[in-house]
Amino acid sequence: MAVFGACGALLLGLSPIVIAVALIRGRGWVALLVLLLLAAFFGVGLYAASQDDNPTADLQRRALLLYSVLTYALLSAPGLAAATAHARKWSYSKTAYAVAGLLFVILTLSVVLEWELWKTQVDGTIEEFRLMIHARSAEGDESVANQQLEGLAWLSQNKAAFGLGLNSLFALAVSCIYITITNYVLRLWRGEAGFAGSFKDMRPTEWLVWGAIVTALLCFADHRWPELGIRFVAWNAAVVLTAVYWFNGLSIAMYGIRTLQPTVTTLLLVFVFVVVLVNMGVLPVLALAGLFDTWGDYRGKFDAMLAARNAREDGQQGPPGTGI
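FYI, in our numbering the residues of the sequence shown are 30 to 353.
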């Protein structure tokens, strides 16, 4: 059963890619079939729930209906948006940010509509970690356990101030994965031109820095005058911008590796991406690099370094026929 469940989850996760590729390749009937199958999948679940006669059935059905609609949107909207962006000849960068924004809106809507349930689930997860730390503290350093417990208490107290913003990390990661795979499939399929560029070219608009400046001022105001009650907006905005600039910093690193070491395989780049994604210790460094790229244009600097290296190599070889 676990294998079937994993396969089903994989097929559901691939549905946005199938929808996008089918529409781009002019196979609208395939995209329509996938959309109908998704609707049938969630419809069966809703029908099964409607047969439940326990006292809380109505509440559960409303929650399941909301969950089904939002999940259907998460699985269908990215593919439809990607196909629309391709028809408009948008670049990889613009498409990825557009799809990520769409995913972020849907995820945020799902949290807002079930706000109390979301807070209960977060508190439950934090409580599980707290119990684990208590169990381990009997065998380890209590000072470390106390620090971890203080951190969990802080998370529980401030979860609303950054919880929504964390959706942006997931949205950006999923968007990049979807668009990258869609691009790869399109180029394999009879050389179909995909989106111009790739993840390494993904760069936010320079106008976003004004949002960063305003957010920094809001965070300062919240720290100086906490009674203003702007923490929810300030911190969530800061998390979203950090995620955007972190992904820009990661794409800059990928660009540098690919430019200066063109023989690096795509598999190695994916490995680097995954390692960095799970190592949150480098988040501040990459986020700052992504922010200051607004003025530094680091990709241009990598191009200049490559041009200088090629010029030196050409000079060392000498003119044709010299035997150098």
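Where a beta carbon is used, it is the ideal one built from N, C-alpha and C, also for glycine.
Computed from a predicted model, the values in this text were never measured in an experiment.
DSSP bridge partner residues for residue i (one or two, in chain order)
{"i": "Ser-120", "result": "Ala-225"}
Cβ shell of residue i (< 8 Å), same chain only, five flanking positions each side left out
{"i": "Ala-127", "result": "Ala-110, Ala-114, Trp-119"}
{"i": "Leu-312", "result": "Thr-271, Trp-275"}
{"i": "Lys-123", "result": "Ala-114"}
{"i": "Glu-342", "result": "none"}
{"i": "Ala-189", "result": "Lys-148, Phe-261"}
Simplified DSSP state of residue i, which is helix, strand or coil
{"i": "Arg-54", "result": "coil"}
{"i": "Trp-218", "result": "coil"}
{"i": "Gly-350", "result": "Any reading at Gly-350 must be qualified, since the residue scores a pLDDT of 48, below 50, and its modelled position is unreliable; no value is offered."}
{"i": "Arg-338", "result": "helix"}
{"i": "Pro-233", "result": "coil"}
{"i": "Glu-156", "result": "helix"}
{"i": "Glu-143", "result": "coil"}
Segment limits, alpha helix (DSSP H) that includes residue i
{"i": "Thr-323", "result": "312-325"}
{"i": "Asp-251", "result": "237-253"}
6 Å CB neighbourhood of residue i in its chain, flanking five on each side removed
{"i": "Val-214", "result": "Val-50"}
{"i": "Ala-129", "result": "Ala-200, Leu-201, Ser-204"}
{"i": "Ile-48", "result": "Ala-60, Val-63, Gly-108"}
{"i": "Gly-194", "result": "Asn-265, Val-268, Val-269"}
beta-carbon residue i near the ligand PLP non-hydrogen atom, thresh 6 Å
{"i": "Ala-51", "result": "Absence of the ligand PLP is noted for the structure shown, with no ligands found whatsoever."}
Beta-carbon contacts of residue i that lie in its chain and below 7 Å, excluding the five residues immediately before and after
{"i": "Leu-184", "result": "Ile-155"}
Threshold first: 4 residues or longer. Then list the alpha helix (DSSP H) segments lying entirely within the region 255-298, N to C. The region 255-298 contains these whole alpha helix (DSSP H) runs: 260-289.
May I have a chain-ordered list of the alpha helix (DSSP H) segments no shorter than 4 residues that lie completely inside the region 158-214? Segments of the alpha helix (DSSP H) lying fully in the region 158-214: 171-191.
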